[in-house]
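Structure record follows, encoded as structure tokens.
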């Protein structure tokens, strides 16, 4: 597989619709369709299941590249990969065609974790599942922000386990089941096309829809969801930041003060800022690669890198996109460049749980020898 | 005059419409109307001309208070005051009722300075006026961002003087003259209601419309426009920042992690950030007051404070509103609080010329003994 | 009293010895002597007690001015004023001549609060006083950092009260009593002349040496010590920062790149940095004045300003002195300018308890409605 | 070669003397001796010349490791490697045993570039060489900061070429020649043991002492000196920063508030700061590795990384060591931990030319398509 040539038509499609997706806050159906056709929805699925057999490095590369043209498409993509990798870690026997559907891109996956009650602590659902009389499990779970809400075919949904007190269960919920509904709309500062909306899951689920064993949800969150999500989210942040930097270099090199016969890039203060932006991107990018390699071949340092990479990339993206706005001034502010969109989209990465600040807390506990989730 | 009771109904009106003005990007007609009725459009006009006789301190207070409810209204207001104070510094004899119209709020004023060719260097028009045969002056001036475009009754318009080579003339142009047209629309990150749009002024103007003497425009920009504009813009920045801080304190004190029985403000990292935000606001606010007092009773330090106050307040607002977004996380991002609007509006202050970075350059020249506009 | 002419000879003396005091880490006896002769040791003592009757504004002014020539002298000075104002808030009857001795500068005062066990939490002594048989109080208190150790005539010393469980007592201990000893030496990054050293107070003290009522120590710390200490410490920080800025402006204006016929201040990046430094100083300075005025005429906002002013000034000094080092490069690093000393001295302000970070925590609790010392 | 076991005794020796070297500002003779014995002075010399044949990665590793125990030794080491690699790039025929002496560590090398007239622009000597009658070259060059002044056996010395107008010549000057003298002493904030002092080179030199061709000095500076120096200097910065971070983790985990039964690391604000420090180190470290690999196998991006790596590492070290001071408070300030020394030493890296700010300027020119040294 030549990843870049596979990506090429997807990027072209995403680029074509990105401005419109943002302006109207609509789901980027064309880009998601192009992703499905390209095979990239199955990028990280093993070849034995019909996927492309790519690893963390390839995933990060694709996520960054998508973000540089359409942040919403990129975020939909990483949530799909997270949902996919979680489901495939312990495929529920009740959905036998799921692996091949995910690999082929026939099913778009996502996660339904966060709840209003526990806010950004996505790992702590407050919705309680119960055993009904007939051996099935019942729950009503209100989820606050579900990416691809109403568009996904698979929702990996968390609830407090009916069987293991204090434990969490993950269920594979399809988009067509009764009891699955989008309960609100989302209008945020950025990533306006990823259809991140509140949903309700009011379900009776057989055990063969559970992913992994009873009470095993938290372990899957930390071992499977977190590495793929944090890496992908970091890659999206850096893709957005890189795109804003590239646009800023182009603009400052071209924008002329007619009365002085000078461009913005002729100003030493502007160039110094661009230099710092570039170096922050280089450094965070180098750490992203290190983390991806570590996830691909885990050792005892991997969990720390998984915690750190999102926080670092999120904050780098906040700084770099703010600086891109600054050096381009009114031109960036007034939307003549795509910088303003990258700037807004980048702010989503940071607030998506685990937030950068939550990650600093976890990371700080880890390096000072404390229990991370204590 | 009790300023706060005069302000009260204006703030109520502005608050009522602010969200809508932002969402639709429409001119806040209701708020501007309320400002006119209140007498505050004439706040800084001398009592002898029918105004309220307020000074820089009162102006800053009103501008900040307006910004805390509707940034667009606040920016329209400060541009009105700048246009008004410039016109009244040397009232053009051709418009004898102008002073009383401005004082009474019958005429909304604004500035038409920036041009595409000279970008953010608003003090450097490239449009050249010429004497026509009959002793009048002709010019075609394309202006890039005019606040209240199409809504103002008075546009204080800059051109390269027909009479003084290299000098600048300011003309009082009314909104109803033929040759005055709005030539584009604006859609920016923030201050979406101030109708800041490109305009063309294709005019033949008699000399009695000139404000001040031929070639005197640059002096009026530095002596009259800059003090009122920089102070007002700084006050708007701090008003926005203060409002975002207040909202963040309220939200973090109320938002509960249900599973932990804890609010965001129970987290020491959140509180430390709030503390820093507050102290930045206090410091910048104290300097704003010092600057306002200095403009009211000028001495040799006043020009330096005029340069500095906008840069400091703009950058304080960037930092504080970013932090407000951060501590409130998804709630701020997704628009449930007004913080996201303050955050976007605050970014306008910085890019309005003279930009914060241009001001650091001017200020740096001043303190190292170099010519400021050299 | 003309404060500046009173100050003039003290500043001249302090300036003469400052480099030497720093290099040798020795007590600035000449400067302290000059302070005594000038009457400034009694600056804040009421005229009825023989002092100059100055208030917080005058105190801040003198402290900043001293710091700009010799940080060690300035810190000795503010600790003297803190000790003085605490002792005079409730003069111990056992030392009847103390008020007039302090007012006249015959006695140098200081505080002995911090202990190794409670580290930077100076408000929490762990040394326990006990009643001996004869109605006196006995204690052994090891103090970690006492300014003017071995040089002061009055040590205001804290212990856990013998009478009020959990409460704190303050005792007026003279320098000549048996049982008072300097137990170590200090060699730190900066303020190397203020003789801040560990001391042991192994004493039997009569009740008439207690300052205020039994168990009243904590209240005196928050009501008397904290306002004077935080204000003075903030003033010292800003004095050091201002001096480093002034030196940086001088150096960058004079240092020439011979091959380019250019000075450092000809570089826009240098000027921009100087501009930011100046504005940070202006803002923090304006807030310092506001705080001093608030302490002089307290209202319900005063305690918050007392908490905030030290944190803001400390951090401003860290940033400004680091920037002064940066713009002056090797010249500053290698000690040809006094900037390197200001830089080191400024780092003392921040670590003196209550540290800037402790203050952010207190301040953050206050603004979110939590008990500050809870 | 097992690099770490080779390093081990050198690190032990350097650690033993580091505090003393710093306190007395003396040359770390013991450590340099240990370096010579270990063979590491020849680390980057090809095996054919008797060296260890190591590359940029190994060099960076050794430099960081040395810095973590003794910054002065580390800086002496990297200047030795820079002098060595420059001399060996075009070995002067007049000193036939130089390559083997350098490889074996019998000769300690250094650079003598910076001059008072051109300040930090080390690439621009103002000392002019001239041809004397007999075909030799004469010059008097005053150099401002020469590391290992008076201790080195080889000074690679720059002058304006006698033969190529405007060009630069590099000469291999041995320490024992008449006319080589140390003309001053150095007492700076940090790296107090590297004996960085002004020197005068008043010489008549035969052509066979020139390194490379006439006028070729500038090219050797950019192609050979800059990659090795910037990489090594960056490695030293990160070594110091890493050591300060490690010490801060240890201290905050151990320092107890006795009255609260709490350590510093129990405070979330402290942990969050440690987390950020760690991630900055990780990111800069990852970029350092990328740069070292790029120097080892150069492509068109290598020059940019060479410019960037020192600036990034220097600024990372400024921030991380300042934060280490902050989280450790008085304990770090008062020298009980080595953090205070790392903090001071780290500030040397930034001011050594090319300074971080000069590098941002070069880098900014490069990424905006301008001539870097134009």
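Residue numbers (this note's numbering), protein chains in the order written: chain U, 4 to 377; chain H, 4 to 377; chain E, 4 to 377; chain L, 4 to 377. Every residue, glycine too, gets a C-beta built ideally from N, C-alpha and C. Only a predicted model underlies this, so the values are computations on that prediction, with no experimental measurement involved.
Check	Outcome
Does any C-beta atom of chain L lie closer than 8 Å to the C-beta of residue 142/E?	no
Distance check for residue 15/H and residue 154/U, CA to CA, integer angstroms please.	41 Å
Would you kindly check if the distance between the Cβ of residue 111/E and the Cβ of residue 91/E is under 8 Å?	no
To the nearest angstrom, how far is the alpha carbon of residue 277/L from that of residue 118/L?	40 Å
Which of helix, strand or coil does DSSP assign to residue 219/E?	strand
Tell me which residues share the same chain as residue 223/L and place their Cβ nearer than 8 Å to its Cβ, disregarding the 5 neighbours each side in the sequence.	89, 92, 93, 173, 214, 215
So which residues on chain E does residue 343/L lean against when the C-beta distance must stay under 7 Å?	192
Using a beta-carbon distance cut-off of less than 8 Å, what residues from the stretch 267-284 of chain U approach chain E?	270, 271, 272, 275
Taking the CB atoms as reference points, tell me whether residue 281/L and residue 366/U lie closer together than 8 Å.	yes
Considering only the beta carbon of each residue, do residue 241/E and residue 316/E sit closer than 8 Å?	yes
Kindly provide the ranges of any alpha helix (DSSP H) runs that are 4 or more residues long and lie completely inside the stretch 186-244 of chain H, ordered along the chain.	220-223
Out of 204/U, 187/U, 35/U, 163/U, state which residue places its alpha-carbon closest to the alpha-carbon of residue 179/U.	204/U
Out of 348/U, 160/U, 109/U, which one is the CA nearest neighbour of residue 142/U?	160/U
Compare the C-beta of residue 121/U against all C-beta atoms of chain H and say whether one is closer than 8 Å.	yes
Beta-carbon within less than 7 Å of residue 305/U's beta-carbon, same chain only, minus the 5 sequence neighbours each way: which residues are those?	297, 298
In chain U, which residues lie with their C-beta within 9 Å of the C-beta of residue 264/L?	Within 9 Å Cβ-Cβ: nothing; residue 264/L doesn't reach chain U, min ~15 Å.
Whose C-alpha, out of 114/E, 309/E, 263/E, is nearest the C-alpha of residue 120/L?	263/E
Report buried or exposed for residue 26/H, applying the criterion of at least 16 other Cβ atoms within 10 angstroms of its Cβ.	exposed
Assuming residue 233/L and residue 313/L make a contact with CB atoms under 8 Å, what is their CB distance in whole Å?	4 Å
Could you run through the stretch 357-374 of chain U and flag, in chain order, every residue whose CB is less than 9 Å away from some CB of chain L?	360, 362, 363, 364, 365, 366, 367, 368, 369, 370, 371, 372, 373
Once the 5 residues before and after residue 9/H are set aside, which same chain residues still bring their CB inside 7 Å of it?	41, 42, 43
Between the alpha carbons of residue 347/L and residue 352/E, how many angstroms are there, rounded?	17 Å
Taking the straight line between their C-alpha atoms, what separation do you get for residue 32/H and residue 75/U?	35 Å
I'd like to know whether the C-beta of residue 260/E is nearer than 8 Å to at least one C-beta of chain L.	yes
Answer with buried or exposed for residue 186/L, where buried requires no fewer than 16 other C-beta atoms within 10 angstroms of its C-beta.	exposed
For chain U, check one thing: does any of its Cβ atoms lie closer than 8 Å to the Cβ of residue 234/L?	no
Quick one: which residues of the stretch 310-326 of chain E get their C-beta closer than 7 Å to a C-beta of chain H? List them in chain order.	311, 314, 315
For the putative contact between residue 144/H and residue 130/H, defined by C-beta atoms under 8 Å, what is the C-beta separation to the nearest angstrom?	4 Å
Please classify residue 133/U as buried or exposed, where buried requires at least 16 neighbouring CB atoms within 10 angstroms.	exposed
Assuming residue 285/U is part of the beta strand (DSSP E), what are its boundary residues?	Segment 271-299 is the alpha helix (DSSP H) holding residue 285/U; no beta strand (DSSP E) there.
Please determine, among 357/E, 51/E, 343/E, the residue with the shortest C-alpha to C-alpha distance to residue 380/E.	Only positions 4 to 377 of chain E appear in the structure, and residue 380/E is not among them; the question remains open.
Along the chain, where does the beta strand (DSSP E) that runs through residue 161/H open and close?	157-163
Out of curiosity, what's the CA-to-CA distance linking residue 273/U and residue 330/U?	6 Å
So residue 283/L and residue 309/L are in contact, right, with Cβ under 8 Å, and what is the actual spacing, rounded?	Not confirmed; about 21 Å, so no contact.
Which runs of the alpha helix (DSSP H), 4 residues or longer, sit entirely within the stretch 38-112 of chain E?	59-72, 74-92, 101-107
Is the beta carbon of residue 194/L within less than 7 Å of some heavy atom of the ligand GDP?	The ligand content of the structure shown is nil, which means the ligand GDP is not present either.
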